[in-house]
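**Q** Here you go, one structure.
2 protein chains.
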Amino acid sequence: MRRRPIPEATVGRLPIYLRALLDLAESRGETNVSSDELARLAGVNAAKVRKDLSYLGSYGTRGVGYDVEYLLYQITRELGLTQDWPAAIVGIGNLGRALASYKGFSERGFRITAIFDVDESVIGEEVGGMIVRHLDELKEVVAEMGTSIGIIATPPLAAQEVADKLVDAGVKSILNFAPAVVNVPPDVTVRKVDLSIELQILSFYQQRTQAIATAREANRRLRNQHGAG
Amino acid sequence: MRRRPIPEATVGRLPIYLRALLDLAESRGETNVSSDELARLAGVNAAKVRKDLSYLGSYGTRGVGYDVEYLLYQITRELGLTQDWPAAIVGIGNLGRALASYKGFSERGFRITAIFDVDESVIGEEVGGMIVRHLDELKEVVAEMGTSIGIIATPPLAAQEVADKLVDAGVKSILNFAPAVVNVPPDVTVRKVDLSIELQILSFYQQRTQAIATAREANRRLRNQHGAG
DNA sequence: TAACGCTTGTGAGCGTAATCACAAACCGAA
DNA sequence: TTCGGTTTGTGATTACGCTCACAAGCGTTA
Chain A
1475 MRRRPIPEAT VGRLPIYLRA LLDLAESRGE TNVSSDELAR LAGVNAAKVR
1525 KDLSYLGSYG TRGVGYDVEY LLYQITRELG LTQDWPAAIV GIGNLGRALA
1575 SYKGFSERGF RITAIFDVDE SVIGEEVGGM IVRHLDELKE VVAEMGTSIG
1625 IIATPPLAAQ EVADKLVDAG VKSILNFAPA VVNVPPDVTV RKVDLSIELQ
1675 ILSFYQQRTQ AIATAREANR RLRNQHGAG
Chain B
1475 MRRRPIPEAT VGRLPIYLRA LLDLAESRGE TNVSSDELAR LAGVNAAKVR
1525 KDLSYLGSYG TRGVGYDVEY LLYQITRELG LTQDWPAAIV GIGNLGRALA
1575 SYKGFSERGF RITAIFDVDE SVIGEEVGGM IVRHLDELKE VVAEMGTSIG
1625 IIATPPLAAQ EVADKLVDAG VKSILNFAPA VVNVPPDVTV RKVDLSIELQ
1675 ILSFYQQRTQ AIATAREANR RLRNQHGAG
């Protein structure tokens, strides 16, 4: 099965398995795990776990399960987490500051190595142990530090311009928190995290269930009335 | 076509169209837009735009396009954004603070109406114009304010417990920023935003393209050597 | 009114992802 | 070595989403 390309959907779940496995290894010291248990920890079903892992190769043992350490290593390697990918944040507002000190990044081996803004009142300030630099220095700093990931945390209007500068500086992976669509060349990967879109999606489902409940209620009343009349 | 349920994938794009339409209405004062232009603004293709919009009903005019204001209204209504959904944030660390003052929420009509933590040194503090309350007050405050959305911004270990409390308080929509899987009853919707997972996915693709580049390079050298030999 | 250019709405086809279900393989016990 | 219990790996099936391509319908012009 190996060397079929790993499906996107699977790539999205590997980090979840990774975290579950780390928990298992650290807290319980488990050496083995079944697809059933891993599925429970990851909040998916067991068949999906097995199929996902099968894309990496046959790393399980029938009748036994998967060796936690070995699987950890394989997923880590497949995700490219054996090397480190220095990241830079552009836009040091509320969100940028929070990201600069976000512990979840360093825990997964991502180092924020530089932070940028254009606001003179922010430049030179220390945030998360780093000094805020002017965006004009981006290209130079990226080259110097081998930055491979750019994180956009600017207002929406600045996002495209910042993306262009990141691309120009040679960055091939961008995580965009600005609520705006950014266009990049095909060899650059952009992922978008849009906080208010998430709320809007929640709103949709909430409204729908509420509408259903209201309709049921109306129906019930109508039936009762009819039965009574 | 109406009254087929709207596919999840479409729901996820409606907020993007919404934003594009708002931009059109505000900045250009355009009254009409074609699926082609909307597609360009949203970063998708025109057929997808048309199919997505067709789930809402036939709101376009052949040969002309869509009326911006009318479409805006329909999407807003479909997403349930005509009413407001008070939200509460639990966990006032770096991320919680940033979210509490995040302008993107209010711009899309979401109001954060209460913020919670368990750390006594944080309780009582003012963040984003609100006073941090103790998590124990959650149920009471949710009832009082009609809170419908819960935002979890705690460390991973606390996430499940907070989710349980939100569910117990009657919240049906949860946005989870903690890097942990949370389980909820089937009538509750959870959406997850996991920042380090996004970076790990970027890492995967970055590593892959880098591996390809390296392999090409090796191949090239090999061929050259062969040609020379 | 008729003809033409433009844009929507959607059926059909295709590719990807999820799920099912079971043979293959392993371990331990007898 | 054989048997029984267990769990993986994967072909087959189903569901879902995307894209294509074109008929249907609108507005405009003559």
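Going down the list, the protein sequences come from chains A and B. Position one of the first sequence corresponds to residue 1475 (the working numbering), numbered consecutively onward. Position one of the second sequence corresponds to residue 1475 (the working numbering), numbered consecutively onward. The C-beta atom is built at its ideal place from N, Cα and C for all residues, glycine as well.
(1) What is the residue span of the beta strand (DSSP E) that Asn1650(B) lies within?
(2) Could you tell me which uninterrupted alpha helix (DSSP H) segments, each at least 4 residues in length, are contained entirely in the stretch 1584-1636 of chain A, listed from first to last along the chain?
(3) Can you name the residues that DSSP bridges to Asn1506(A)?
(4) Quick check on this structure: which residue in Tyr1540(A), Phe1651(A), Val1656(A) has the alpha carbon closest to the alpha carbon of Glu1672(B)?
(5) Residues of chain B with CB under 8 Å from Pro1489(A), in chain order?
(6) Three-state secondary structure (DSSP) at Ile1480(A)?
(7) Cβ closer than 8 Å: which chain B residues qualify as neighbours of Arg1582(A)?
(8) Strictly by DSSP, which residues pair up with Gly1534(B)?
(9) Between the stretch 1528-1540 of chain A and the stretch 1492-1509 of chain A, do three or more beta carbon pairs fall short of 8 Å?
(10) Which chain A residues are close to Pro1653(B), counting only those with a beta carbon under 8 Å from its beta carbon?
(11) Please compile the residues from chain B whose C-beta is within a distance smaller than 7 Å of the C-beta of Gly1486(A).
(12) Going by alpha carbons, who is nearest to Gly1620(B) out of Leu1495(B), Pro1660(B), Ala1643(B), Tyr1547(B)?
(13) Just the C-alpha distance for Arg1582(B) and Ile1626(A), rounded to the nearest angstrom, thanks.
(14) Based on Cα-Cα distance, which residue from Gly1531(A), Leu1546(A), Pro1479(A), Leu1527(A) lies nearest to Arg1493(A)?
(15) What's the gap between the Cα of Leu1553(A) and the Cα of Val1542(A)?
(16) At the 8 Å Cβ level, is Lys1646(A) part of the contact set with chain B, yes or no?
(17) List the residues of chain B that Ser1575(A) touches, going by C-beta distances under 7 Å, in chain order.
(18) Grouping DSSP H, G and I as helix and E and B as strand, with all else coil, what is Ala1654(A)?
(19) Residues of chain A with CB under 7 Å from Ile1686(B), in chain order?
(20) Can you give the beta carbon distance from Ser1670(A) to Gly1578(B), rounded, assuming they're within the 8 Å contact cut?
(21) Expressed to the nearest angstrom, what Euclidean distance is found between the alpha-carbon atoms of Thr1663(B) and Asp1661(A)?
(22) Once you ignore the five residues that flank Ala1562(B) on each side, which residues in its own chain have a CB closer than 6 Å to its CB?
(23) Can you give the Cα-Cα distance for Ala1520(B) and Asp1497(A), rounded to whole angstroms?
(24) Tell me the DSSP secondary structure of Ile1549(B) in three-state form.
(25) If the cut is a Cβ gap below 8 Å, which residues of chain B does Asn1657(A) touch?
(26) Since Val1664(B) is in the beta strand (DSSP E), which residue starts that stretch and which ends it?
(27) How is the alpha helix (DSSP H) around Val1523(A) delimited, first residue to last?
(28) For Ile1586(B), which of Ile1605(B), Lys1639(B), Glu1599(B), Ala1687(B) has the nearest alpha-carbon?
(29) In chain B, which residues lie less than 7 Å from Arg1585(A) when you measure between Cβ atoms?
(30) With 8 Å set as the bound, which would you pick, yes or no: does the beta-carbon of Arg1478(B) sit closer than that to a beta-carbon of chain A?
(31) CB-CB under 8 Å to Arg1548(A), same chain, minus the five flanking residues each way: which ones, in chain order?
(32) Less than 6 Å between C-beta atoms, sequence neighbours within five positions excluded: which residues of the same chain meet that for His1608(B)?
(33) Pull up the distance between the alpha-carbon of Leu1527(A) and that of Leu1676(B), whole angstroms please.
(34) Just reading off the beta strand (DSSP E) that Ala1561(A) is part of, what are its end residues?
(35) Taking the C-alpha atoms as reference points, what is the distance between Glu1691(B) and Glu1594(A)?
(36) Assign Asp1668(A) to buried or exposed, taking buried as 16 or more other Cβ atoms, counted over all protein chains shown, within 10 Å of its Cβ.
**A** In this structure, then:
(1) By one-based count along the second sequence, residue 1650(B) stands at place 176. Segment 1647-1650, the beta strand (DSSP E) holding Asn1650(B).
(2) Those alpha helix (DSSP H) runs which fall completely within the stretch 1584-1636 of chain A and span 4+ residues are 1612-1619.
(3) If you number the first sequence from 1, residue 1506(A) lands on position 32. Partner(s): Asp1541(A).
(4) Reading the second sequence from its first residue, position 198 is the one you call residue 1672(B). Minimum Cα distance to Glu1672(B) is reached at Phe1651(A).
(5) By one-based count along the first sequence, residue 1489(A) stands at place 15. Neighbours of Pro1489(A) on chain B, chain order: Asp1668, Ser1670, Ile1671, Gln1674, Ile1675.
(6) Here the question's residue 1480(A) lines up with position 6 in the first sequence. Assignment of Ile1480(A) by DSSP, reduced to helix, strand and coil, places it in the coil class.
(7) On the first sequence, position 108 is the one that residue 1582(A) refers to. Chain-ordered, the chain B residues with CB closer than 8 Å to the CB of Arg1582(A) read Ser1670, Leu1673, Gln1674.
(8) Here residue 1534(B) refers to the residue found at position 60 of the second sequence. BP columns for Gly1534(B) point to Tyr1540(B).
(9) Pairwise C-beta distances place the stretch 1528-1540 of chain A in contact with the stretch 1492-1509 of chain A, as three or more of them are shorter than 8 Å.
(10) By one-based count along the second sequence, residue 1653(B) stands at place 179. Near Pro1653(B) (Cβ distances below 8 Å), the residues of chain A are Arg1493, Gly1578.
(11) As a working note, residue 1486(A) is residue 12 in the first sequence. The contacting residues are Ile1675.
(12) Indexing the second sequence from 1 puts residue 1620(B) at position 146. Residue Ala1643(B) is the option with its Cα nearest to Gly1620(B).
(13) Here the question's residue 1582(B) lines up with position 108 in the second sequence. Here the question's residue 1626(A) lines up with position 152 in the first sequence. Cα to Cα, the separation comes out at about 20 Å.
(14) Stepping through the first sequence from its first residue, residue 1493(A) is reached at position 19. Out of Gly1531(A), Leu1546(A), Pro1479(A), Leu1527(A), Leu1546(A) has the C-alpha closest to the C-alpha of Arg1493(A).
(15) On the first sequence, position 79 is the one that residue 1553(A) refers to. On the first sequence, position 68 is the one that residue 1542(A) refers to. Cα to Cα, Leu1553(A) sits roughly 16 Å from Val1542(A).
(16) Sequence index remark: in the first sequence, residue 1646(A) carries index 172 (1-based). Yes, contact with chain B.
(17) Looking up residue 1575(A) in the first sequence gives position 101. The answer, in chain order, is Asn1568.
(18) Residue 1654(A) sits at position 180 when you count from the first residue of the first sequence. Coil, per DSSP.
(19) Sequence index remark: in the second sequence, residue 1686(B) carries index 212 (1-based). Proximity of chain A to Ile1686(B) at the Cβ level (cut-off 7 Å) is not reached, the minimal Cβ distance being about 11 Å.
(20) Walking along the first sequence from the start, residue 1670(A) turns up at place 196. Walking along the second sequence from the start, residue 1578(B) turns up at place 104. About 4 Å; that satisfies the 8 Å criterion.
(21) For this step, residue 1663(B) is matched to residue 189 along the second sequence. For this step, residue 1661(A) is matched to residue 187 along the first sequence. Spanning the two alpha carbons is a distance of roughly 35 Å.
(22) Here residue 1562(B) refers to the residue found at position 88 when the second sequence is read from its first residue. Excluding sequence neighbours, Ala1562(B) sits near Ala1588, Thr1621, Gly1624.
(23) The residue you call residue 1520(B) lines up with position 46 of the second sequence. The residue you call residue 1497(A) lines up with position 23 of the first sequence. Approximately 44 Å between the Cα atoms of the pair.
(24) Counted from its first residue, the second sequence places residue 1549(B) at position 75. Assigned with DSSP and collapsed to three states, Ile1549(B) falls in helix.
(25) Sequence index remark: in the first sequence, residue 1657(A) carries index 183 (1-based). For Asn1657(A), the C-beta contacts it makes with chain B under 8 Å involve Gly1517, in order along the chain.
(26) By one-based count along the second sequence, residue 1664(B) stands at place 190. DSSP places Val1664(B) inside the beta strand (DSSP E), whose first and last residues are 1663-1666.
(27) Reading the first sequence from its first residue, position 49 is the one you call residue 1523(A). 1520-1528 is the extent of the alpha helix (DSSP H) around Val1523(A).
(28) For this step, residue 1586(B) is matched to residue 112 along the second sequence. When each option's Cα is compared against that of Ile1586(B), the closest is Ile1605(B).
(29) Position 111 of the first sequence, counting from 1, holds the residue named residue 1585(A). Neighbours of Arg1585(A) across chain B, judged by C-beta separation under 7 Å, do not exist; the nearest C-beta is about 11 Å away.
(30) Residue mapping note: residue 1478(B) aligns to position 4 of the second sequence, counting from 1. Closer than 8 Å to the CB of Arg1478(B) there is not a single CB belonging to chain A.
(31) Counting from one through the first sequence, the residue named residue 1548(A) turns up at place 74. Contrary to the premise, residue 1548(A) reads as Gln rather than Arg in this sequence. Closer than 8 Å at Cβ, skipping near neighbours: Leu1530, Gly1531, Tyr1533.
(32) One-based indexing of the second sequence puts residue 1608(B) at position 134. Ile1597.
(33) The residue given as residue 1527(A) occupies position 53 in the first sequence. The residue given as residue 1676(B) occupies position 202 in the second sequence. Spanning the alpha carbons of Leu1527(A) and Leu1676(B) requires a straight line of approximately 19 Å.
(34) The residue labelled residue 1561(A) in the question sits at position 87 within the first sequence. From DSSP, the beta strand (DSSP E) with Ala1561(A) extends over 1561-1564.
(35) Within the second sequence, numbered from 1, the residue matching residue 1691(B) stands at position 217. Within the first sequence, numbered from 1, the residue matching residue 1594(A) stands at position 120. So the two alpha carbons sit approximately 43 Å from each other.
(36) Taking the first residue of the first sequence as 1, we reach residue 1668(A) at position 194. With 16 or more other Cβ atoms from the protein chains shown falling within 10 Å of its own Cβ, Asp1668(A) counts as buried.
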